[in-house]
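S.K.: Chains A and B, in that order, give the protein sequences.
full-length UniProt numbering puts the first sequence at residues 1 to 205.
full-length UniProt numbering puts the second sequence at residues 1 to 205.
We put the CB at the ideal spot given by N, CA and C, even for glycine.
2 protein chains.
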Amino acid sequence: MEFPSKLIEDAVTEVSKLPGIGKKTALRLVLHLLKRDEEQTQTLAQSLTAMRTKVKYCQRCHNLSDDDLCTICANPRRDGSIICVVEDTRDVLAVENTAQYKGLYHVLGGIISPVEGIGPSDLHIESLIHRLANNIQADEPVKEIILALSPTMEGDTTAFYLQKKLRPFNLRISTIARGIPIGGDLEYADEVTLGRSILSRVVYE
Amino acid sequence: MEFPSKLIEDAVTEVSKLPGIGKKTALRLVLHLLKRDEEQTQTLAQSLTAMRTKVKYCQRCHNLSDDDLCTICANPRRDGSIICVVEDTRDVLAVENTAQYKGLYHVLGGIISPVEGIGPSDLHIESLIHRLANNIQADEPVKEIILALSPTMEGDTTAFYLQKKLRPFNLRISTIARGIPIGGDLEYADEVTLGRSILSRVVYE
Chain A
1 MEFPSKLIED AVTEVSKLPG IGKKTALRLV LHLLKRDEEQ TQTLAQSLTA
51 MRTKVKYCQR CHNLSDDDLC TICANPRRDG SIICVVEDTR DVLAVENTAQ
101 YKGLYHVLGG IISPVEGIGP SDLHIESLIH RLANNIQADE PVKEIILALS
151 PTMEGDTTAF YLQKKLRPFN LRISTIARGI PIGGDLEYAD EVTLGRSILS
201 RVVYE
Chain B
1 MEFPSKLIED AVTEVSKLPG IGKKTALRLV LHLLKRDEEQ TQTLAQSLTA
51 MRTKVKYCQR CHNLSDDDLC TICANPRRDG SIICVVEDTR DVLAVENTAQ
101 YKGLYHVLGG IISPVEGIGP SDLHIESLIH RLANNIQADE PVKEIILALS
151 PTMEGDTTAF YLQKKLRPFN LRISTIARGI PIGGDLEYAD EVTLGRSILS
201 RVVYE
């Protein structure tokens, strides 16, 4: 595509570097900004720069944060006796959206993946160990770790590694239930999921 | 969705104002930028601001441009005797991509649409008339106007209006061919398009 303006071309090139956005979509977005107030573009540019330069990571759970401690870790009403271990911030948001969990989090910042060259030392595993080692002196000792990782090969590997590492602390270690999604149709469920849901059946009490 | 950081929330809000981008996609884009070099975000923000504040419109054809005249109008190798009238810059790019047209353009900046309250006076029609009125003194007088507007109700209305307005100039006025797309299947063509393609059949010479 030959652009009539170098400025447009540069903007389109930069926007199309974002994942899932091709040249045509980028051009549509740029032309949209051109039609709107100059202020909208300024606010967009400023909020992106501010976010990228000023955002921090929580010193305790490595979640994204504006301060040294994230709003979840700093909230005294959260249950400090449970830690939910997740891959990244998006998973924290996903669990928070369920409104079913009131404990704390630990964000690994990735998942063990030999293919992508990500090993345990690249993740925030040491800091989780450290967090649990300091646990004995805490007011509210940790009693349970929930491993909320994706049910993929990498997720299972990471969960297996963490289980081994966490065993010495004598905590309850759990994982989120795998099974048929709510609203899902048995007929269309894959055999692995359906098989697992039969093995992990829940007894009516 | 409750964000752990106000900075992230602001960025997501701004990004999700773009057309076709919802909150989830915006969050994915923002987290992607966070994983990349700070420089990438800076370049993106700067290119958007530069584009929005510095881009101009060509004084002759109203195409987007870095200078007073766009690269197409300023190019002496373009054929000044044909003007292709289009709705917006994206159409210029689409026609340019075909590499089948070497004339000039005139960008209307929209299309007559009573529903959206856009009338002829909101478009760059007067400047097209002015361009043709000054035609007699030009080195390379305009001989043909191609109306390359979308085959919709609004496009046809605009084309009809322009034909009436341009009649006094005694030029050849044409429109792009409507018919079965290349690679299209007769069986699946709609009856209006197929009917039009029979009426506008091309005789083998």
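Cβ of residue 84(B) within 8 Å of Cβ of residue 70(B)?
M.R.: Taking 8 Å as the Cβ cut-off, residue 84(B) and residue 70(B) do not qualify as a contacting pair.
S.K.: Could you please give the first and the last residue of the uninterrupted beta strand (DSSP E) stretch that includes residue 84(B)?
M.R.: Residues 79–86.
S.K.: For a quick check, are the C-beta atoms of residue 110(A) and residue 82(A) less than 8 Å apart?
M.R.: No, Cβ-Cβ distance for residue 110(A) and residue 82(A) is not below 8 Å.
S.K.: Who are residue 103(B)'s beta bridge partners in DSSP?
M.R.: 79(B).
S.K.: Under three-state DSSP, which class holds residue 71(B)?
M.R.: Residue state, collapsed to three classes: coil.
S.K.: Decide if residue 53(B) is buried, meaning its Cβ has at least 16 other Cβ atoms within 10 Å, or exposed.
M.R.: The residue in question, residue 53(B), is exposed, as its Cβ has fewer than 16 Cβ neighbours within 10 Å.
S.K.: In whole angstroms, what separates the C-alpha of residue 149(A) from that of residue 31(A)?
M.R.: Near 40 Å, if we compare the C-alpha coordinates of residue 31(A) and residue 149(A).
S.K.: Does the contact criterion of 3 or more C-beta pairs under 8 Å hold for the stretch 128–137 of chain B versus the stretch 179–187 of chain B?
M.R.: As far as the Cβ criterion goes, the stretch 128–137 of chain B does not touch the stretch 179–187 of chain B, which means the pair count is below three.
S.K.: Just to check, is the beta-carbon of residue 69(B) closer than 7 Å to a non-hydrogen atom of the ligand HEM?
M.R.: Looking at this structure, you won't find the ligand HEM or any other ligand, since it has none at all.
S.K.: In the structure shown, what three-state DSSP assignment does residue 126(A) receive?
M.R.: Here residue 126(A) sits in helix by DSSP.
S.K.: Can you check whether the C-beta of residue 113(B) is within less than 8 Å of a C-beta belonging to chain A?
M.R.: Not an interface residue.
S.K.: Is the beta carbon of residue 51(B) less than 8 Å from the beta carbon of residue 186(A)?
M.R.: Contact: no.
S.K.: Can you check which of these residues, 117(B), 40(B) and 162(B), is closest to residue 126(B) by C-alpha distance?
M.R.: Selected option, being the one with the closest Cα: 162(B).
S.K.: Can we say the stretch 10–19 of chain B touches the stretch 34–45 of chain A, given the rule of at least three CB pairs closer than 8 Å?
M.R.: Touching, yes, given that three or more Cβ pairs across the two stretches are closer than 8 Å.
S.K.: Using DSSP bridges, identify the partner residues of residue 56(B).
M.R.: 65(B), per the DSSP bridge assignment.
S.K.: Per DSSP, which residues does residue 175(A) bridge with? Please list them.
M.R.: Paired residues: 147(A).
S.K.: Please check if any C-beta of chain B sits within less than 8 Å of the C-beta of residue 63(A).
M.R.: With 8 Å as the cut-off, residue 63(A) counts as an interface residue toward chain B.
S.K.: Look at the alpha carbon of residue 87(A) and the alpha carbon of residue 107(A), and state the distance between them as a whole number of angstroms.
M.R.: Residue 87(A) and residue 107(A): Cα-Cα distance of roughly 6 Å.
S.K.: Between residue 72(A) and chain B, is there a C-beta pair that is closer than 8 Å?
M.R.: Residue 72(A) counts as touching chain B.
S.K.: Identify the contact partners of residue 86(A) in chain B, using a Cβ-Cβ distance below 9 Å as the criterion.
M.R.: Result: empty, since nearest Cβ-Cβ is about 12 Å, beyond 9 Å.
S.K.: Who pairs with residue 118(B) in a beta bridge, going by DSSP?
M.R.: According to DSSP, which records beta bridges pairwise, residue 118(B) is partnered with 113(B).
S.K.: Cβ of residue 116(B) less than 8 Å from any chain A Cβ?
M.R.: Not an interface residue.
S.K.: Please tell me whether residue 112(A) and residue 152(A) are closer than 8 Å, where the distance is taken between their beta carbons.
M.R.: Taking 8 Å as the Cβ cut-off, residue 112(A) and residue 152(A) do not qualify as a contacting pair.
S.K.: Listing by chain order, which chain A residues have their CB less than 7 Å from the CB of residue 52(B)?
M.R.: Those within 7 Å of residue 52(B) in chain A are 33, 34, 38 and 41.
S.K.: At 7 Å on the CB atoms, spell out the chain A contacts of residue 98(B), in chain order.
M.R.: Residues of chain A passing the Cβ test: none, with the nearest at roughly 12 Å.
S.K.: Just confirm the distance between the C-beta atoms of residue 96(B) and residue 2(A), as a whole number of angstroms; I'd bet it's less than 8 Å.
M.R.: Going by Cβ atoms, the distance from residue 96(B) to residue 2(A) rounds to 6 Å, so yes, they are a contact pair.
S.K.: How would you list, in chain order, the residues of chain B whose beta-carbon sits under 7 Å from the beta-carbon of residue 5(A)?
M.R.: Under the 7 Å cutoff, chain B gives 55, 64, 65 and 66.
S.K.: By DSSP, does residue 152(A) sit in helix, in strand, or in coil?
M.R.: If DSSP states are grouped into helix, strand and coil, residue 152(A) belongs with coil.
S.K.: Quick one: which chain B residues come within Cβ less than 9 Å of residue 83(A)?
M.R.: By Cβ distance, chain B contributes nothing, its closest Cβ being about 16 Å from residue 83(A), past 9 Å.
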